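In this note's numbering, the protein residues as written are 171 to 484.
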């Protein structure tokens with residue numbers, strides 16, 4: 171994937187990977203869904219799998235992965251797809267030269283004339299508390315490790331349109347409904363930091379559509395990403411994607427007229443449920459959202475290392 175302003179460029183040519191991803195497997199996957207204490211989402215698979223060593227270096231101007239990378243990735247997919255086939259049903263792989271350790275898959279939906287991109291990014295980076303090293307890394311390759319935790323991010327992103335590029339490329343133009351989220355700087359000298367309101371927007375947008383008193387931290391269903399209003403998914407089955415596509419469309423249709431006003435409010439104040447603007451918009455939210463999340467629960471627990479994690483049930 172190549173991100174150019176508000177466009178994503180998808181390049182074809184990975185038929186072997188797509189055939190593995192979309193192979194048919196019997197029965198339902200036995201999966202559970204979690205967050206770690208760093209708010210990172212992962213799926214616990216029913217069996218261990220081994221993440222192989224990957225080449226570290228890749229020229230970001232080269233749109234094609236090298237043979238060793240493809241070989242390692244296919245070896246990984248042959249392990250995880252049979253264990254979590256519902257997660258990958260219907261998606262297509264694409265290579266992002268700038269994010270080689272976050273391989274991506276996509277699917278495009280259309281609902282009531284509006285296009286949406288379903289984007290899934292795996293996270294192959296080793297986490298010491300979440301896996302056992304099988305083979306040490308080097309200056310040229312990553313470590314290989316054994317784990318049951320598959321870290322990933324999955325989002326629904328509204329699109330403005332799709333156009334054809336050269337050599338079979340597809341160019342996806344993302345909707346830009348959120349303006350500049352950088353609002354200034356703080357600190358002095360070498361310690362100057364930018365101030366962004368993306369997280370404050372995410373808190374505002376999520377709390378708006380969640381019933382009062384319902385606790386679902388660290389899951390934020392509606393987020394500010396790519397300068398647009400996105401929906402973060404935890405039900406990754408094809409049926410779940412279609413269900414939440416409708417959720418996203420309903421929420422987006424409601425919130426679009428108010429986004430500028432929300433951004434203006436957050437440029438002057440951090441998010442709080444007591445903000446007058448939040449109370450005003452919350453009173454206008456349709457009753458549908460009081461029941462939409464009835465089956466969703468997020469429960470904290472301690473894992474085998476006595477570290478806090480959260481289990482998500484939906």
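Backbone N, C-alpha and C fix where the C-beta goes; we use that ideal spot for every residue, glycine too.
No experiment lies behind these values; they were computed from the predicted model shown.
CA-to-CA distance, residue j to residue i, given in whole angstroms
{"i": "residue 309", "j": "residue 269", "result": "18 Å"}
{"i": "residue 498", "j": "residue 245", "result": "Residue 498 is absent from the model: the chain starts at 171 and stops at 484."}
{"i": "residue 445", "j": "residue 348", "result": "20 Å"}
{"i": "residue 294", "j": "residue 400", "result": "23 Å"}
{"i": "residue 206", "j": "residue 453", "result": "33 Å"}
{"i": "residue 448", "j": "residue 441", "result": "9 Å"}
{"i": "residue 481", "j": "residue 311", "result": "33 Å"}
{"i": "residue 195", "j": "residue 372", "result": "37 Å"}
{"i": "residue 302", "j": "residue 271", "result": "18 Å"}
{"i": "residue 451", "j": "residue 378", "result": "7 Å"}
{"i": "residue 315", "j": "residue 218", "result": "10 Å"}
{"i": "residue 406", "j": "residue 394", "result": "20 Å"}
{"i": "residue 240", "j": "residue 255", "result": "20 Å"}
{"i": "residue 473", "j": "residue 182", "result": "41 Å"}
{"i": "residue 463", "j": "residue 234", "result": "42 Å"}
{"i": "residue 201", "j": "residue 417", "result": "23 Å"}
{"i": "residue 438", "j": "residue 374", "result": "14 Å"}
{"i": "residue 456", "j": "residue 403", "result": "21 Å"}
{"i": "residue 187", "j": "residue 263", "result": "7 Å"}
{"i": "residue 178", "j": "residue 229", "result": "18 Å"}
Helix, strand or coil at residue i according to DSSP, with G and I counted as helix
{"i": "residue 401", "result": "strand"}
{"i": "residue 324", "result": "strand"}
{"i": "residue 375", "result": "helix"}
{"i": "residue 152", "result": "Nothing can be reported for residue 152: it is not among the residues displayed for the chain, which extend from 171 to 484."}
{"i": "residue 468", "result": "strand"}
{"i": "residue 420", "result": "helix"}
{"i": "residue 277", "result": "strand"}
{"i": "residue 438", "result": "helix"}
{"i": "residue 202", "result": "strand"}
{"i": "residue 259", "result": "coil"}
{"i": "residue 370", "result": "helix"}
{"i": "residue 230", "result": "coil"}
{"i": "residue 302", "result": "strand"}
{"i": "residue 270", "result": "coil"}
{"i": "residue 427", "result": "helix"}
{"i": "residue 381", "result": "coil"}
{"i": "residue 460", "result": "helix"}
{"i": "residue 155", "result": "This structure cannot settle anything about residue 155, because the visible part of the chain is limited to 171 through 484."}
Buried versus exposed call for residue i [16 or more other C-beta atoms within 10 Å across all chains shown]
{"i": "residue 184", "result": "buried"}
{"i": "residue 266", "result": "buried"}
{"i": "residue 199", "result": "buried"}
{"i": "residue 259", "result": "buried"}
{"i": "residue 465", "result": "exposed"}
{"i": "residue 475", "result": "exposed"}
Anticipated Cβ contact below 8 Å, residue i with residue j, distance rounded
{"i": "residue 249", "j": "residue 226", "result": "Not really, about 21 Å apart at Cβ, beyond 8 Å."}
{"i": "residue 327", "j": "residue 286", "result": "7 Å"}
With a threshold of 8 Å, are at least 3 pairs of Cβ atoms found where one atom belongs to the stretch 288-307 and the other to the stretch 424-431?
No, because fewer than three Cβ pairs between the stretch 288-307 and the stretch 424-431 fall closer than 8 Å, the two stretches do not touch.
Mind the definition here: the stretch 368-376 touches the stretch 328-346 only if three or more C-beta pairs lie below 8 Å; say whether that holds.
Of all C-beta pairs linking the stretch 368-376 to the stretch 328-346, fewer than three are shorter than 8 Å, placing the two stretches out of contact.
Below 8 Å, can you find three or more Cβ-Cβ pairs linking the stretch 177-196 to the stretch 404-416?
Not touching, per the Cβ criterion.
Evaluate the contact criterion for the stretch 325-339 versus the stretch 380-388: three or more CB pairs, one atom per stretch, below 8 Å.
Contact between the stretch 325-339 and the stretch 380-388 is absent, with fewer than three C-beta pairs closer than 8 Å.
Are three or more beta carbon pairs between the stretch 318-329 and the stretch 210-217 nearer than 8 Å?
Under the three-pair Cβ rule at 8 Å, the stretch 318-329 counts as touching the stretch 210-217.
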